[in-house]
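Colleague:
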Amino acid sequence: TIKTRLQVLGKGSAAAANMPPHMVYTNSMDCVRKMIAHEGPLSLYKGTVAPLIGNMALLGIHFPVFSATRKEITKNDAPGEFSFVKTYLSGAAAGAVGSLVS
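Structure representation (structure tokens):
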């Protein structure tokens with residue numbers, strides 16, 4: 035939220051020329067102070083719901099696929115043995131499925 039506001043309404047931006055002074059930001063701390071003063075502390079969390087839902091969906095797919103892949107790859111190995119290559123392959127499979135689904 036802060037980064038986006040600084041890009042759009044930072045001092046020197048085209049949009050800032052037409053805005054009232056309380057909506058033009060000089061730096062990140064100025065942005066935080068003005069947001070809290072004019073919109074309240076919850077304004078710092080605007081726009082976080084959509085990324086959280088997306089990450090929940092991705093991780094809801096990623097972890098089960100990783101576990102299933104790991105279980106399948108290591109079913110003939112000694113208990114507790116899990117090499118870097120097998121970790122990499124399990125993670126790659128989970129990432130591929132997660133990317134396809136989400």
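The opening residue of the sequence shown carries number 35 in my numbering; numbering runs sequentially from there. All C-beta atoms, glycine included, are put in the ideal place defined by N, C-alpha and C.
Under 8 angstroms, with one C-beta from each stretch per pair, do the stretch 78–98 and the stretch 41–49 reach the 3-pair mark?
Modeller: no
Colleague: Give the secondary structure of G44 by DSSP, where H, G and I count as helix, E and B as strand, and everything else as coil.
Modeller: G44 carries a strand assignment under DSSP once its states are collapsed to helix, strand and coil.
Colleague: Can you give the Cα-Cα distance for E106 and G81, rounded to whole angstroms?
Modeller: 39 angstroms
Colleague: Measure the beta-carbon distance from A127 to T103 and round it to whole angstroms, keeping in mind my assumption that it falls under 8 angstroms.
Modeller: 4 angstroms
Colleague: Relative to the C-alpha of S124, which candidate in S136, T108 and L134 has its C-alpha closest?
Modeller: T108
Colleague: Taking 8 angstroms as the limit between beta carbons, can you name the residues of its chain near K68, skipping five residues before and five after?
Modeller: Here the set comprises H56, M57 and Y59.
Colleague: With distances taken from CA atoms, which of V66, P85 and R39 is nearest L76?
Modeller: Ranking the options by Cα distance to L76, first place goes to V66.
Colleague: Please name the residue in P113, L40, A71 and Y122 whose C-alpha comes closest to that of V99.
Modeller: Answer by Cα proximity: Y122.
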